[in-house]
Every structure is written in structure tokens, then in C-alpha cells.
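Sequence lines, in order, name chains A and B. Numbering of the first sequence is given in UniProt numbering, commencing with residue 1 and proceeding in unit increments. Numbering of the second sequence is given in UniProt numbering, commencing with residue 1 and proceeding in unit increments. Glycine is no exception: its CB is placed at the ideal position from the N, C-alpha and C atoms.
Protein chains: 2
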Amino acid sequence: MKRNTWQREAVKSALDTQDAFVSAQQLHSALRDDGTGIGLATVYRALADLAESGQADSLQSTEGEALYRACTPGQHHHHLICRNCGLTVEIEADAVEQWARKVAAENGFTQPEHVVDVFGLCADCSKPAP
Amino acid sequence: MKRNTWQREAVKSALDTQDAFVSAQQLHSALRDDGTGIGLATVYRALADLAESGQADSLQSTEGEALYRACTPGQHHHHLICRNCGLTVEIEADAVEQWARKVAAENGFTQPEHVVDVFGLCADCSKPAP
DNA sequence: TCCTTATTGATAATGATTGTCAACATCATC
DNA sequence: GATGATGTTGACAATCATTATCAATAAGGA
């Protein structure tokens, strides 16, 4: 049976305070800075659990590390991500869902899923340096 | 100055024979099986060059390794990828391009780029096992 | 052919992630 | 509240893809 531990709670709430995709290492550092003595492996395990249960989204950065972000569960959505600061906004895309299904069917593919993320510079990061 | 070596040619042509995304390690094994004594680091370097010059596309697998695929240069496109055998088809998506720009603009984001890939089971892999 | 220097390849180094396992903590049950 | 079975933790080792190092090699202009 699944047990509730303060470690899992800590990881979940730490992730909730982030408005950007963060790595397991970053989250571990943040938790250590908060005075908790949580272990690195535990952070990895907790994040994997959250991702599997749909309470967090994950993606692979171009550098190859896994990044996580708390998300609204039970709802399919995509992300608009700032290349510079990581700020992330959830977006919906009914049109894209339908397009993906159509393209898959046209090529004989079944059971389509898709990865759709938009990267750009957020309003703040678009401002010229003073 | 950039020099032409048989190693770079070998990597390029080996990639051209693949109709699926492959890892640097896989390509290195294939090249070794062909009798060439090419080094692993060289394969990594050649693939990075091909990706940078637009002659190959790359993406991160969910396991975190980088996968490469030869592509038609100079043209923006996306991929329809078989989850099972890796078969990859290039697809175009003008509607999605426009949607990405619109969503970015609506949220104050500039310089939008996007990652759009569709995963499914290809016609062959969709057939039930005999 | 000669010479400069980009490239190669064997190997070490890096860094994220996962496996191991004894000590510990949770929670159903008494 | 005490007990016990077992899920969980955390320090550390192990793994694995990728990158850095650097002496030896080879491309291509002179």
C-alpha cells in the first residue's frame, strides 16, 4: 500500500511553488536550503510518482535532463515556455488535437499521442536590457 | 576550414539508410559492423554537425538519449513517429505554425519556436500478432 | 611534395539518473 | 497506545550517454 510521508509532501509543495519547469537536482537543492534533510534519490522517486499519477508534467531539456512542473490533473494540455527564465503557461489546443488525429490516420498510424510545446521569450524577458 | 573526411561521409550515408530515429550509439554499432573502425566520439561529433547544419533532425527520447534522423534540409517540418518500430514520416503543419505564433503572441511571448511531434503505431505495428 | 592545422580516436572525466540495502517510519490491527 | 508487516528513505555505488583531453594523423592549399 502507498504511504504518506513528509518527504513526498515536501516535494509536492516545493513543486507547487515553482512557476517554471525545474530539474530534480534544482528541487533537491531548494529543499535542502529549506532545512530539510531530504535525500536526492527520494526527490527523484517522488517526482516520478507525481508524473505517473498525472499531478506533474515532465519533459526532456535539450541538455538531456528531465524537467518537472506541477500541473492541473486530469486535463490534457500543452505548454508555453520561456527559453530564458523558464516561466511556463498551460495552454489548450483543441485544433491541434484534431490535427494530430487526422495526420496520424492519413498515414495509417493508430493510437496517436503528441508532444506539442511552444518555446519563446516571455514578456519580461523580451524587454531590452536597461 | 572544414575538411571532408571519409568518417563524416560514412556517418551521413549511414544516417540516410535509416527510416527511423536512431541514437549515436546505434549508428556507431552499425558502422562498426560494416567493418569501419570509426570512433564513437567521431560519430557524436559528426551527428552534432549534421544537426547544426540542418541536414539532420534530433530529438530527446523519453529515456534521455539523443536521437537523430536524416531530413530534407531547408524546410521546416515535423514528425510522425511509430512508438514501436521507430518508423518516421515527415509531416507539414502550416495550421500548427500559425496557431503557435498566435498563442505565443496572446501571452506576450516573442520569438516563438515549437516542438510538435506525433507518436503512434504505424500500419504494420498496428496489425494484431498472428 | 611540404606545411599548417582541422580531425580523429582511445581513454578519462563528467553528470544525471538508477540500483542496493540496512535502518527507519507508516498504518492497519490488536 | 502498543505491535508488527512492509513500504519508504538516504547514503553510496553503479550505470550509461555524452563530452573533454591530447597525441597522432590526414586534408588541402601553397
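How should residue i be labelled, buried or exposed, when 16 other C-beta atoms within 10 angstroms of its C-beta is the threshold for buried?
i, result
"Trp6/A", "exposed"
"Cys122/B", "buried"
"His77/A", "exposed"
"Gly120/A", "buried"
"Pro112/A", "buried"
"Cys71/A", "buried"
"Arg3/A", "exposed"
"Ala104/A", "buried"
"Ala95/A", "exposed"
Ends of the beta strand (DSSP E) at residue i?
i, result
"Glu113/A", "Thr110 to Leu121"
"Glu90/A", "Thr88 to Ile91"
Closest to residue i by CA distance: which of the options is it?
i, options, result
"Gln75/B", "Arg83/B, Ser53/B, Thr62/B and Ala66/B", "Ser53/B"
"Gly35/B", "Glu92/B, Val116/B and Ala10/B", "Ala10/B"
"Asp33/A", "Thr42/A, Ala14/A and Phe21/A", "Ala14/A"
"Glu65/B", "Tyr44/B, Asp49/B and Cys82/B", "Tyr44/B"
"Glu90/A", "Thr42/A, Val116/A and Ala105/A", "Val116/A"
"Lys127/B", "Ser126/A, His114/A, Cys125/A and Phe109/A", "Phe109/A"
"Ala56/A", "Thr17/A, Asn84/A, Asp94/A and Glu63/A", "Thr17/A"
"Arg83/B", "Ser61/B, Leu47/B and Arg3/B", "Ser61/B"
"Lys102/B", "Glu92/A, Glu106/A, Ala100/A and Met1/A", "Glu92/A"
"Ser58/B", "Gly39/B, Ile38/B and Ala20/B", "Ala20/B"
"Pro73/B", "Asp94/B, Glu63/B and Ala51/B", "Ala51/B"
"Cys85/B", "Asp49/B, Cys125/B, His79/B and Ala48/B", "Cys125/B"
"Tyr68/B", "Ser23/B, Trp99/B, Ile38/B and Ala100/B", "Ser23/B"
"Thr42/B", "Gln26/B, Arg8/B, Thr88/B and Ala30/B", "Arg8/B"
"Leu87/A", "Leu40/A, Met1/A, Val118/A and Ile38/A", "Val118/A"
"His79/A", "Gln26/B, Glu63/B, Ile81/B and Asn107/B", "Asn107/B"
Counting along the chain, where does the alpha helix (DSSP H) carrying residue i start and finish?
i, result
"Lys102/B", "Asp94 to Glu106"
With respect to 7 Å, is the separation between the Cβ of residue i and the closest non-hydrogen atom of the ligand FMN below this value?
i, result
"Leu40/A", "You won't find the ligand FMN in this model; it holds no ligand whatsoever."
### Query
Considering only residues of the region 2 to 83 of chain A, which uninterrupted beta strand (DSSP E) runs meet the minimum length of 3 residues and lie entirely inside it, listed in chain order?
As for any beta strand (DSSP E) of minimum length 3 sitting wholly inside the region 2 to 83 of chain A, the runs are 56 to 60, 66 to 70 and 78 to 82, ordered along the chain.
### Query
Looking at chain A, which residues of the region 103 to 118 of chain B have a Cβ within less than 8 Å of any of its Cβ atoms?
Only Val103, Ala104, Asn107, Gly108, Phe109, Thr110, Gln111, Pro112, Glu113, His114, Val115, Val116, Asp117 and Val118 from the region 103 to 118 of chain B bring a Cβ to less than 8 Å from some Cβ of chain A.
### Query
What are the residues of the region 26 to 55 of chain A that lie near chain B, defined by any Cβ-Cβ distance shorter than 9 Å?
Of all residues in the region 26 to 55 of chain A, none has a Cβ within less than 9 Å of some Cβ in chain B.
### Task
Anything in the region 85 to 97 of chain A with a Cβ closer than 8 Å to a Cβ of chain B? List those residues in chain order, please.
Within the region 85 to 97 of chain A, contact with chain B at the beta-carbon level (separation under 8 Å) is assigned to Val89, Ile91, Ala93, Ala95 and Val96.
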